[in-house]
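One structure is given below, encoded as structure tokens.
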Amino acid sequence: MDILNSIVAGMSKDQVRYFKVYLSRSHDRDDRLDIQLFDYMRKSGEEYDEERIFKKLYGSEDKNSFYRLRNRLLQDLNKSTLIQHYDDDETGYTLHLLALEKFYFSRNNTRVANYFLKKAESEARKTENFELLDIVYGDFIRLSHELLSINPEEYIQKRKDNQEQIRQLRAIDDILAVVSYKMKLTQNFSADENPILPLLQETVENYSNDKELIRSAKLRFRIYHAVTQILLQKRDYKALEEYLLSIYKEFTEEKLFVRTNHDTKLQMLVYLVNSLFKNNKLKESLLYTEQLRSAMEEYQRMYYDKYLFFYYNSLVINYSRLDRNRAIEILDEMKGNEKIVSNPFYEMFVYLNLAVSWF
């Protein structure tokens with residue numbers, strides 16, 4: 023399956039609907055060849071037959087027209103996807119603003135270019151995207167040749183400071199690579215004296231001469247993500263439990279959890295609940311489930327909907343062992359929650375667990 027077929031096959035119903043509207047912006051006819059080709063690709067999937075659709079659309083003509091049609095369809099699909107999803111995430115939106123800045127700068131409309139560049143700087147700073155900030159500051163310096171209102175010295179200094187941030191992030195990436203490699207080589211973390219924390223501390227100290235970097239919150243959160251994924255892949259729940267209990271306590275005492283990493287805090291609590299459950303520590307698992315519920319209320323319930331199912335799941339798995347009647351009550355409550363049953367996977371979880379519990 024080539025690129026065009028792969029893109030078409032992977033489109034959601036919402037993306038297909040948006041694309042059809044996008045195509046109809048210029049002219050809408052029932053006999054449009056691009057729509058016929060698109061619909062055939064959607065329906066045929068893995069059984070796509072290029073010769074068949076070519077003959078249907080062009081008869082016995084030269085195939086160059088068909089290839090031009092495919093290329094045009096690919097271009098339209100790319101444009102439609104960019105328009106529909108340009109602001110789905112912060113990085114994509116920042117790149118969109120940068121593209122607008124470069125467009126207006128190329129048209130000598132420096133005032134508008136400056137406007138979009140400022141917005142791009144704001145977005146990149148908000149998400150701590152230092153690589154994009156480097157591009158932004160470079161464009162400000164270039165724009166200062168055209169606008170007296172821009173002081174290049176200010177952005178030269180900002181670029182120097184930002185380059186230091188990039189250097190630190192690259193140092194973090196180097197350390198993470200070594201941490202991941204050493205953890206994958208270590209086959210068993212479930213011994214009486216778990217070696218994870220000493221291994222991490224030794225690796226970080228050996229590969230960083232920067233004392234501030236060693237205590238960097240960014241480094242420590244990225245190490246957390248790397249370590250948990252490795253332990254989950256190994257299904258080493260005892261090691262995962264010990265590591266999470268230690269790191270959660272450490273991050274809490276040092277007040278590292280803030281609004282910008284609240285999603286990670288909630289994820290950490292979910293991992294803790296599940297690892298304790300897997301290790302048959304049900305009462306401890308329920309204690310952290312309550313911590314999860316309390317944390318979901320923080321920051322005006324910023325991630326409440328995202329973690330609602332995980333909270334209920336934590337209750338169900340534990341009470342299915344401790345108190346089956348209570349588990350059934352929780353499942354009935356879930357059954358009446360529109361936010362949960364609107365997701366087919368979550369709804370299936372509810373009914374399957376109800377069936378097992380009643381059985």
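Just so you know, we're using our numbering here: the sequence shown kicks off at 23 and counts up by one.
Don't be surprised by glycine CBs; every beta carbon is placed ideally from N, CA and C.
Quantities reported herein were computed from a predicted structural model and do not represent experimental measurements.
Beta-carbon proximity list for residue i, same chain, < 8 Å, skipping 5 on both sides
i: N173; result: S166
i: T132; result: Y126, L165, E168, L169
i: Y108; result: G114, Y115, H118
i: R343; result: L304
Beta carbon of residue i nearer than 7 Å to that of residue j
i: A142; j: L169; result: no
i: A349; j: S379; result: yes
i: L278; j: Y329; result: no
i: L253; j: L294; result: no
i: Y321; j: D285; result: no
i: D159; j: K182; result: Sequence check: residue 159 is Tyr here, not Asp. No, the Cβ-Cβ distance between Y159 and K182 is not below 7 Å.
Residue i classed as buried or exposed, judged by whether at least 16 other C-beta atoms fall within 10 angstroms
i: R192; result: exposed
i: A317; result: buried
i: M370; result: exposed
i: T311; result: buried
i: A146; result: buried
i: V200; result: exposed
i: L262; result: buried
i: N296; result: buried
i: F367; result: exposed
i: I352; result: buried
i: D24; result: exposed
i: Y89; result: exposed
i: N184; result: buried
i: S144; result: exposed
i: N93; result: exposed
i: Y341; result: buried
i: F381; result: exposed
Close Cβ partners of residue i (< 7 Å) along its chain, the five nearest in sequence each way excluded
i: I188; result: F152, E153, D156
i: M63; result: N27, V30, Y70
i: K85; result: F76
i: L291; result: Y310, Q313, L314, A317
i: F162; result: L139, I172, Y177
i: L91; result: L55, D56, L59
i: E215; result: Residue confidence is low: E215 scores 48 on pLDDT, short of 50, so the model does not pin down where it sits. No coordinate-derived value is stated.
i: F273; result: F279
6 Å Cβ shell around residue i - same chain, five flanking residues per side excluded
i: F127; result: A135
i: M19; result: Beyond the ends of the chain as shown, which are 23 and 381, falls residue 19; an answer cannot be given.
i: S336; result: V295, T311
i: L122; result: F138
i: L79; result: L55
Backbone CA spacing between residue i and residue j [nearest angstrom]
i: D327; j: G81; result: 53 Å
i: F20; j: R281; result: A question about residue 20 goes unanswered here, because the residues of the chain that appear run from 23 up to 381.
i: D36; j: K361; result: 20 Å
i: K372; j: L304; result: According to the sequence as given, residue 372 is Val; it is not Lys. Going by the C-alpha atoms only, they are around 20 Å apart.
i: L99; j: Y246; result: 38 Å
i: T149; j: T103; result: 23 Å
i: Y137; j: E186; result: 26 Å
i: K419; j: E264; result: Outside the displayed span of the chain (23 to 381) sits residue 419, for which this structure offers no information.
i: I105; j: F41; result: 10 Å
i: L95; j: D345; result: 58 Å
i: E73; j: D196; result: 50 Å
i: N347; j: G358; result: 17 Å
i: R129; j: A248; result: 45 Å
i: Q17; j: R323; result: No statement about residue 17 is possible, as the shown extent of the chain runs from 23 to 381 and does not include it.
i: S34; j: K124; result: 31 Å
i: Y44; j: K101; result: 9 Å
i: Q255; j: A377; result: 30 Å
i: S87; j: E175; result: 54 Å
i: Y203; j: E275; result: 29 Å
i: R39; j: E319; result: 36 Å
i: D111; j: R47; result: 26 Å
i: G67; j: E83; result: 25 Å
i: G32; j: Q97; result: 16 Å
i: D354; j: K65; result: 39 Å
Rounded Cβ spacing between residue i and residue j (contact assumed at less than 8 Å)
i: V338; j: N365; result: With a Cβ gap of about 15 Å, V338 and N365 do not count as contacting.
i: F243; j: N283; result: 6 Å
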